[in-house]
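Protein chains in written order, with the numbering used here: chain A, 426 to 622; chain B, 1256 to 1460.
Here you go:
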């Protein structure tokens, strides 16, 4: 049974209070490695959002109309990951063929996305919380936008930090983690307004 | 290339080349499950199991897998082992399985497993590959346990669910919330790289 939460609340909560990076720690690898530059971070954020919306929609349909009727729940991980990998591949080929501009901008990020845990994570959260189709779609969109917001914020801060004098050894991943921690604390402050789980 | 001795592999994967602290891989799940030590231990052992066996399998199959589809094969092998772990947890530790939620399935996308398969199992014989994978996983477990020890003592006043705090101890709520995980892992990595920078400066002199 789908929980009785307004899709709009799910959308806002998945951007802010249940942010994929800041409260669920998903998609950290690319978040840390691609946040050096603001423009690249924007490209990756866009690509993640696009893939998230599509995979959540497709995986929801696959789960309801293939996995459940055929009782393949024990195989769901394999099926989900194959759907994601196939979709990313098709998306890349389609972009290359029809929108070369967009492909030049996002193409290099697409292969990275298959192993981005946020993508599989959103699908698994959607299954565990048994969202209906509209809820899942907005959950996917909100999570993507939230991920994008977080990586852009980190990239912007890191660009500014490049000129600051810092204690020895902190530069690199340690600094990113501490900045992210402060961002996460700020986002926790919103949890009184709306939360999901 | 000569095959590494098991002891050398163990030393490398546990300490000098720890996957979480040195290669910054597998961060996602290592932060999410570290609010209690029990969850960390189960998650770490599950991951070690999957990494060890998938490295073994992929290394044994390395001459038959066509190079172009190897990513797909790797993902499939890893998913199969993850499903095994998931079923095992659901059957024997249903409470922990529920708490870990999607993070068990997310072992599939844990970069450590893929990383060991690509970097080591592809070019080494099965048994060293298995040791490499298993101990890379145990190195990850070690880091998880350190983080969760700090978080559990300060956040709940317990170790493995047993009360250790003195009377009147006020739990630090922030420790069981996400930000603390970021601060702790950031500080650990900072401490290690600061130490290394010092050593490097000493050697240069």
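Each residue gets a CB set at the ideal place from its N, CA and C atoms; glycine is no exception.
Proximity of residue i and residue j at Cβ, strictly below 8 Å
i	j	result
residue 609(A)	residue 447(A)	yes
residue 579(A)	residue 601(A)	yes
residue 438(A)	residue 619(A)	yes
residue 1367(B)	residue 1301(B)	no
residue 563(A)	residue 428(A)	no
residue 570(A)	residue 455(A)	no
residue 612(A)	residue 449(A)	no
residue 1399(B)	residue 1283(B)	no
residue 397(A)	residue 505(A)	Summary: the structure shown does not reach residue 397(A), with chain A confined to residues 426 through 622, and so no result is reported for it.
residue 1342(B)	residue 499(A)	yes
residue 1411(B)	residue 1426(B)	yes
residue 560(A)	residue 441(A)	no
residue 493(A)	residue 1279(B)	no
C-beta neighbour in chain B for residue i, strict 8 Å
i	result
residue 510(A)	yes
residue 523(A)	no
residue 450(A)	yes
residue 593(A)	yes
residue 488(A)	no
residue 578(A)	no
residue 610(A)	yes
residue 605(A)	yes
residue 613(A)	yes
residue 598(A)	yes
residue 553(A)	yes
residue 546(A)	yes
residue 619(A)	no
residue 453(A)	yes
residue 624(A)	Because chain A here runs from 426 to 622, residue 624(A) falls outside it and cannot be looked at.
residue 540(A)	yes
residue 602(A)	yes
residue 563(A)	no
residue 495(A)	no
residue 502(A)	yes
residue 447(A)	yes
Option nearest residue i by Cα separation, candidates the options
i	options	result
residue 1435(B)	1454(B), 1404(B), 1266(B) and 1349(B)	1404(B)
residue 577(A)	451(A), 528(A) and 459(A)	459(A)
residue 1290(B)	1387(B), 1429(B) and 1451(B)	1429(B)
residue 514(A)	501(A), 453(A), 533(A) and 497(A)	533(A)
residue 468(A)	477(A), 449(A) and 535(A)	535(A)
residue 1266(B)	1381(B), 1402(B), 1392(B) and 1424(B)	1392(B)
residue 1448(B)	1261(B), 1276(B), 1262(B) and 1459(B)	1276(B)
residue 575(A)	430(A), 435(A), 436(A) and 466(A)	466(A)
residue 1331(B)	1355(B), 1376(B) and 1369(B)	1369(B)
residue 1409(B)	1398(B), 1432(B) and 1397(B)	1432(B)
residue 1270(B)	1454(B), 1397(B), 1426(B) and 1348(B)	1397(B)
residue 530(A)	471(A), 568(A) and 509(A)	471(A)
residue 1443(B)	1401(B), 1315(B), 1260(B) and 1324(B)	1401(B)
residue 1310(B)	1441(B), 1418(B), 1371(B) and 1327(B)	1371(B)
residue 551(A)	592(A), 520(A) and 486(A)	486(A)
residue 1325(B)	1361(B), 1376(B), 1359(B) and 1417(B)	1376(B)
residue 1308(B)	1320(B), 1292(B), 1407(B) and 1337(B)	1337(B)
residue 1353(B)	554(A), 491(A), 582(A) and 478(A)	554(A)
residue 436(A)	526(A), 556(A), 540(A) and 491(A)	556(A)
residue 540(A)	488(A), 520(A), 507(A) and 584(A)	507(A)
residue 501(A)	1357(B), 1348(B) and 1321(B)	1357(B)
Buried versus exposed, by CB contacts within 10 Å (16 or more), residue i
i	result
residue 522(A)	exposed
residue 462(A)	exposed
residue 1298(B)	buried
residue 1415(B)	exposed
residue 495(A)	exposed
residue 1329(B)	buried
residue 1422(B)	exposed
residue 1318(B)	exposed
residue 1424(B)	exposed
residue 568(A)	buried
residue 549(A)	buried
residue 1406(B)	buried
residue 480(A)	buried
Beta-carbon proximity list for residue i, same chain, < 7 Å, skipping 5 on both sides
i	result
residue 1264(B)	1383, 1386, 1387 and 1390
residue 1395(B)	1274, 1275, 1281, 1285, 1299, 1302 and 1367
residue 1334(B)	1363
residue 1256(B)	Bear in mind that a pLDDT of 46 at residue 1256(B), under 50, signals an unreliable position, so the model cannot answer this.
Below-8 Å beta-carbon distance, residue i vs any chain A residue
i	result
residue 1427(B)	no
residue 1367(B)	no
residue 1210(B)	There is no way to answer for residue 1210(B), as the model of chain B reaches only from 1256 to 1460.
residue 1280(B)	yes
residue 1430(B)	no
Spatial neighbours of residue i in its chain, beta-carbon cut-off 8 Å, leaving aside the 5 residues before and after
i	result
residue 542(A)	451, 452, 453 and 454
residue 1355(B)	1288, 1294, 1297, 1298 and 1344
residue 517(A)	528, 532, 535 and 536
Residues near residue i by beta carbon distance below 6 Å, same chain, minus five either side
i	result
residue 605(A)	none
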